[in-house]
Every structure is written in C-alpha cells, then in structure tokens.
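First the structure, in the form of structure tokens, and then the observations on it.
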Amino acid sequence: DGGITQSPKYLFRKEGQNVTLSCEQNLNHDAMYWYRQDPGQGLRLIYYSQIVNDFQKGDIAEGYSVSREKKESFPLTVTSAQKNPTAFYLCASKTAANTGELFFGEGSRLTVL
Amino acid sequence: GQQVMQIPQYQHVQEGEDFTTYCNSSTTLSNIQWYKQRPGGHPVFLIQLVKSGEVKKQKRLTFQFGEAKKNSSLHITATQTTDVGTYFCASGNTGKLIFGQGTTLQVKP
Chain A
7 DGGITQSPKY
17 LFRKEGQNVT
27 LSCEQNLNHD
37 AMYWYRQDPG
47 QGLRLIYYSQ
57 IVNDFQKGDI
67 AEGYSVSREK
77 KESFPLTVTS
87 AQKNPTAFYL
97 CASKTAANTG
107 ELFFGEGSRL
117 TVL
Chain B
7 GQQVMQIPQY
17 QHVQEGEDFT
27 TYCNSSTTLS
37 NIQWYKQRPG
47 GHPVFLIQLV
57 KSGEVKKQKR
67 LTFQFGEAKK
77 NSSLHITATQ
87 TTDVGTYFCA
97 SGNTGKLIFG
107 QGTTLQVKP
C-alpha cells in the first residue's frame, strides 16, 4: 500500500538530547513537509522540501534540522536548541504542483522530560 | 508572511444543528484547501477550491471560496456525531502550505 510512514509513534527523551524523527513515503511525491502541532495552535510549518537535496525553512525552523538525500525520505532532527520540543510532529507529502492535496503520516508524539 | 486566520476556535453543537467555520486572509489566496482531523488522528484532505466564488458540496458539507479569494467557509448541515474533529483550512503557493489554527467541533448526541 502507498503511504507515508512516520516512526517512532511515541518518543521520550531527556532534555538536552537530540532526537531524529523518521518520515518515509512511497507515493513518488517530490514535495515533503514537517509540521508541528500544539493544542490550540493548529499546524505550524517547520521545514519543507520540493526536490531532493533542497529544502526551505518554514515559520518555526529554529532548533530543527532536516535532510533530503533521497526522494522518499525526509528525516527531522529536533536539536537541544529547540526550547520547547514536546509536541506532535506530522510529516506530509504531495506532488510538486502548486495545487494538490497533502498526504499525512500518522504522526510522532515527542515528550521531553 | 502569508497567514490564514480561522474562526471560531471551538464549537459545541447539538446533533442535528448546523456548523460553520470561517477562514480569512488579508492577502489574495491562490487556492484554499480543507482538512479534517479526527481526535487522535492525522489531517485528511477534504477538498480544494481554486476559482473565485467557487462552491462545492460533499453530501452535508458545503465549501465556499470568496469572490475576492480572501476568505472561505465550510458549512455542515445537520451535524452528526461522526463529524467531530478539528477542521483546518490551508493555503499556499510555491510549495509552502500554511494552515489556519483549526476549528474543533464537538457534537452532543
């Protein structure tokens, strides 16, 4: 089945540790996205990539890093510089066109203790 | 940068009542998309509107895009308990998609 797989689903980390969230898609989509979701704040864009080996900052990129070495993969690293990393992280992908729906993964819930 | 403001943040209705959520922007939008996120789930695409004044219907859901392409609405007629969740509008171009804050709908049976 085609889709987007995020892992892990739940993750607990100590303060000061870097964490990498995985996102893999087999939809042959060019564009991939990372959003952060906090209660009452909707989805906020962290990073997005429209093509392999290229990515752009979203609205809240500070404290995060990404890579796009392969078309199907777009991992997100939450670094120790992110001041409030506890959140629900959603990865999504779409075709490269300016229109077209986003397909979301099931999300990764990160809790920093 | 581009922003889309969504109201209300929460709405509680009795089953059978209607529900509307609104999405507004200070700039002209190239398109508007609507998503639904069930509790504990991930957002799922509902529809996309592109043309000025466009109206689309999906069963009990009616989506509108304003004439000036600066606002949009989602209206649900005769809500059911299966309609519970958070409804988001989203818009963007050049690849960057920005979401509204969402409207969380609770339906009391």
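So the sequences go chain by chain: A and B.
Numbered according to my numbering, the first sequence spans residues 7 to 119.
Numbered according to my numbering, the second sequence spans residues 7 to 115.
We put the beta carbon where it would ideally sit given N, CA and C, even for glycine.
In this text, all values refer to a predicted model and were calculated from it rather than measured experimentally.
Can you find at least 3 beta carbon pairs, one from the stretch 46 to 53 of chain A and one from the stretch 17 to 35 of chain A, that sit closer than 8 Å? Touching, no, given that fewer than three Cβ pairs across the two stretches are closer than 8 Å.
If we count Cβ pairs, one from each stretch, closer than 8 Å, do we get three or more for the stretch 83 to 95 of chain A versus the stretch 54 to 74 of chain A? Yes, the stretch 83 to 95 of chain A touches the stretch 54 to 74 of chain A.
Which bits of chain B does residue 112/A rub up against, with CB to CB less than 8 Å? Under the 8 Å cutoff, chain B gives 47 and 48.
Roughly how many angstroms separate the alpha carbons of residue 18/B and residue 64/B, rounded to a whole number? Cα to Cα, the separation comes out at about 22 Å.
Using only CA atoms, which one of 68/B, 49/B and 94/B lies nearest to residue 99/A? That would be 49/B, whose Cα lies nearest to the Cα of residue 99/A.
Is there a C-beta anywhere in chain A that falls below 9 Å from the one on residue 5/B? Residue 5/B lies beyond the residue range present for chain B, which begins at 7 and ends at 115; the question has no answer from this structure.
Cross-chain neighbours of residue 106/B in chain A, by beta carbon under 8 Å: In chain order: 48.
Please list, in chain order, the residues of the stretch 77 to 107 of chain A that have any C-beta partner in chain B closer than 7 Å. Among the residues of the stretch 77 to 107 of chain A, those with a Cβ less than 7 Å away from any Cβ of chain B are 96, 104, 105 and 107, in the order of the chain.
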